[in-house]
Amino acid sequence: MSIVIRGGTVVTAEHSFSADVYCEAGKIVAIGENLEVPSSAEVIDAIGQYIMPGGIDPHTHMQLPFMGTVASEDFYTGTAAGLAGGNTSIIDFVIPAPQQPLMDAYRQWREWSEKSAADYGFHVAVTWWSEGVKEDMATLVKDHGINSFKHFMAYKNAIMADDEILVNSFEQCLKLGAMPTVHAENGELVFQLQKQLLAQGITGPEGHPLSRPPVVEGEAANRAIQIAQVMNVPIYIVHVSCKDSLDAISRARSQGQRVFGECLAGHLVIDESVYRSDDFEFAAAHVMSPPFRSKEHQDALWKGLQGGDLQTTATDHCCFCAPQKAAGKDDFTLIPNGTAGIEDRMAIIWDAGVNTGKLTMNEFVAVTSSNAAKIFNIYPQKGAITVGSDADIVVWDPKGTRTISAATHHQNIDFNIFEGREVTGIPTHTLSRGNLVYKEGDLRAVKGAGQYVKRKPFSPVIGALATQTALNQPTAVPRG
Ligand code: URP
Ligand code: ZN
Ligand code: ZN
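Position in the sequence shown (from 1) plus 48 gives the number in the numbering used here.
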């Protein structure tokens, strides 16, 4: 199958220019003005539109078994919804139960993900520690294309990683050339605050943000960053939601430490007032961790993106429907944590970022696609419009509008945290490895068409900790 996209403006993280883009056999094979292509090529008219790398959502949880239930969105429905929103790749998470071998969990997630409609990779969570875990980490990096490991500093009595696990795992990451990533919240503090709030009779969703104040996130981010500094390993902080953790990142980066930060579309535009609604279903639908924050924190996140201390945007797409959220009707600590967003991330960030002048179009591409590809070492296969790159492309109409709603979205969830928001700037066409999978409202996602994307490690350090390593200076990774 070959496709030529004609008459648009190519927008990459580096620059913008007028060109046609010709795709054949899943790859971009030619870029230039008035390209001559075989007459059999399908033509997409992109006049007045932008041709950008497909979005990469580096933080999703399809089909996640979590808090006594399973996320409603599976790998097919979730990636299909992502394609409708201009996303062509996800990096999801393998999350072993404590004591479960990492390889067992990895095989389980690989089986679940076979139905993906878009390309995908995995971060693997380190939820406990043993020699076996250490060996499995090495096997995953060397034989299975994993180059990042996740550590949940929250969720005590479940998947929380304590400092001992962090230190052991970070050391192994360094040796393997893998990137440690953390969910930064002090799990012990959250646990104690939850108990105090319940004892005071605060049982509704309004207790959720009270149990996870910004300082709880800031402490954990700072601790993880300091541990990474001692271990001399880079670190990536997922879903940075507040000034406190952003400040820890900025401080470390200003001192030359290799620290990366991700923020979520939801945290950029939704504030904590949602938890004070009298409508349990509405408030519970917003329960995610870290919680939505005040305007002051939102402003800080935008500045973090603008200044380069935050490099990526994600969704933490983790869907639970109203009946699932109802598990916490009488106790907010039992509400399954998670919200959706994969279909809307690109449009939300364009509308709230580019349309307001906070981000340039090129910065938009960087934070929605290219930086994730660089940090997780799949650039320029992904995240680029260059000859030889995968033909993962979104054609973007900057004047097109859409009113976001659960009634019309493709996500397998009964709620949309962006409900009623009108966005200007929408995808008109999405190409996944050269296949036209979304065309002007017509979603043509194919179950199982997504491919597993192996990610190579950064230069590994075998043996003792090095003082200065290639890993600490990855050429592919942006400094922001
Ligand atoms: O509330 C959230 N974020 N749920 C998914 C698991 C996680 O912490 O990322
Ligand atoms: Zn998390
Ligand atoms: Zn998550």
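Glycine included, every Cβ here is placed at the ideal spot set by N, Cα and C.
query	result
Touching by the beta-carbon criterion (3+ pairs, under 8 Å), the stretch 208-217 and the stretch 153-170	no
Check whether residue 110 and residue 126 have beta carbons under 8 Å apart	yes
Chain D contact for residue 438 (CB, 8 Å cutoff)	Protein chain content of the structure displayed is limited to a single chain, and chain D is not contained in it.
Own chain partners of residue 67 with C-beta closer than 7 Å, once the 5 adjacent residues on each side are dropped	58, 79, 80, 81
Entirely enclosed alpha helix (DSSP H) segments - the stretch 189-236, minimum 4 residues	211-224
Beta-carbon spacing of residue 99, residue 436 below 8 Å	no
Nearest-angstrom Cα separation, counted from residue 367 out to residue 376	15 Å
Burial state of residue 447 (16 or more Cβ within 10 Å)	exposed
C-alpha gap between residue 215 and residue 102, whole angstroms	35 Å
Whether residue 415 touches residue 349 by CB criterion (8 Å)	no
Collapsed DSSP secondary structure at residue 392 in the structure displayed	coil
Three-state secondary structure (DSSP) of residue 457	coil
Residue 364 beta carbon near ligand 2 (any heavy atom closer than 7 Å)	yes
Residue 427 in three-state terms, based on DSSP	coil
Residue 95 and residue 137 closer than 8 Å at C-beta	no
Residue 337 Cβ short of 7 Å to ligand 1 heavy atom set	yes
Distance CB(residue 253)-CB(residue 290) smaller than 8 Å	no
Length of the line joining the Cα atoms of residue 266 and residue 399	28 Å
Residue range of the unbroken alpha helix (DSSP H) whose run includes residue 410	409-413
Candidates 338, 148, 370, of which the one nearest residue 332 by Cα	370
Residues that DSSP places opposite residue 78 in a beta bridge	70
C-beta contact flag for residue 365 and residue 108 at 8 Å	yes
DSSP state of residue 64 mapped onto helix, strand, coil	strand
Check: residue 107 C-beta below 7 Å from any heavy atom of ligand 3	yes
Closer than 7 Å: residue 334 CB and nearest ligand 1 heavy atom	no
Backbone CA spacing between residue 240 and residue 255 [nearest angstrom]	13 Å
Any non-hydrogen atom of ligand 1 within 7 Å of residue 126 CB	no
Backbone secondary structure at residue 169 - three-state DSSP	strand
Backbone CA spacing between residue 450 and residue 396 [nearest angstrom]	11 Å
Heavy atom of ligand 1 within 7 Å of residue 231 beta-carbon	yes
Alpha helix (DSSP H) segment containing residue 444, residue limits	It is not in any alpha helix (DSSP H) - residue 444 instead sits in the beta strand (DSSP E) that spans 441-451.
Residue burial classification, residue 54 (beta-carbon count within 10 angstroms, cutoff 16)	buried
C-alpha distance - residue 514 paired with residue 141, whole-angstrom precision	At residue 514, the pLDDT of 37 sits below 50, so the modelled position is not reliable and the matter cannot be decided from this model.
Close-in-space but distant-in-sequence residues of the same chain around residue 518 (CB under 6 Å, 5 per side omitted)	For residue 518, the predicted structure reports a pLDDT of 34, less than 50, and the residue's modelled location is therefore unreliable. A value from the coordinates is still provided. Contacts found: 507.
Assumed close pair residue 91, residue 52 - CB separation to whole angstroms, cut-off 8 Å	6 Å
Same chain only: Cβ atoms within 7 Å of residue 345, ignoring 5 sequence neighbours per side	262, 289, 290, 291
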